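Reading through the C-alpha cells given below for one structure.
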Amino acid sequence: MSISMRPSQALRLWQQVMLSQVRDGSPDLTMRQTAILFTIYLDPPPHTVRGLAARLNVTKPVITRALDTMGALKLVSRHRDELDKRNVLIRRTVEGALFVERFGDGIIARAHELPI
Numbered sequence: 001m002s003i004s005m006r007p008s009q010a011l012r013l014w015q016q017v018m019l020s021q022v023r024d025g026s027p028d029l030t031m032r033q034t035a036i037l038f039t040i041y042l043d044p045p046p047h048t049v050r051g052l053a054a055r056l057n058v059t060k061p062v063i064t065r066a067l068d069t070m071g072a073l074k075l076v077s078r079h080r081d082e083l084d085k086r087n088v089l090i091r092r093t094v095e096g097a098l099f100v101e102r103f104g105d106g107i108i109a110r111a112h113e114l115p116i
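Counting in the UniProt record's numbering, the sequence shown runs from 1 upward without gaps.
Okay, here's the thing in C-alpha cells:
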C-alpha cells in the first residue's frame with residue numbers, strides 16, 4: 001500500500017503520534033531507543049547486542065544503555081546465549097509487544113485524522 005503525503009503532512013502525523021504518546025503516559029523513549037525497540041519487534045530474531053549495534057551503526061555500550069532502560073520498563077529482556085556464552089540474546093516481552101502494537105494503532109488513528 002502506497003501513501004502519498006507532503007512533507008508537512010508527514011511531519012504533522014509524526015507530531016500527532018508523539019503528542020498522543022506523551023498524553024497517554026506511554027514510556028518516554030528516545031528516538032534511538034524507539035529505533036532499537038522497533039528493530040527488535042519488526043525484524044526477525046535472534047537479536048544480539050552485537051547485531052543491533054551493527055544494524056544501527058552505533059557502539060555496543062549505546063545498545064546496552066538503551067536495553068537497560070527498556071528492560072526496566074519490561075519492553076525487552078536479555079538472556080545469555082546457551083550455545084555461545086559471549087552473546088546476549090534480546091527477547092521480546094508481552095509488555096513490549098503491546099507497546100509496539102498500541103504505537104502502530106496510534107499511527108493509524110492519527111493518520112485518519114489528517115486533513116486531505
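The C-beta atom is built at its ideal place from N, Cα and C for all residues, glycine as well.
Bear in mind that the values here come from a model prediction, so they are computed numbers and not experimental data.
From the DSSP secondary-structure annotation, give me the bridge partner or partners of residue i.
{"i": "LEU83", "result": "BP columns for LEU83 are empty, so no partner."}
{"i": "ILE90", "result": "HIS47, ARG78"}
What is the rounded straight-line gap between the Cα of residue i and the Cα of residue j?
{"i": "VAL49", "j": "LEU56", "result": "11 angstroms"}
{"i": "HIS79", "j": "PRO46", "result": "11 angstroms"}
{"i": "THR59", "j": "GLY51", "result": "10 angstroms"}
{"i": "PHE38", "j": "VAL100", "result": "7 angstroms"}
{"i": "residue 124", "j": "ARG110", "result": "Any question about residue 124 goes unanswered here, given that the chain covers just 1 to 116."}
{"i": "ASP105", "j": "LEU29", "result": "17 angstroms"}
Smallest Cα separation from residue i: which of the options?
{"i": "LEU73", "options": "SER20, ARG23, SER4, ARG92", "result": "ARG92"}
{"i": "ALA97", "options": "SER77, ASP68, ILE108", "result": "SER77"}
DSSP three-state call for residue i: helix, strand or coil?
{"i": "GLY25", "result": "coil"}
{"i": "VAL62", "result": "helix"}
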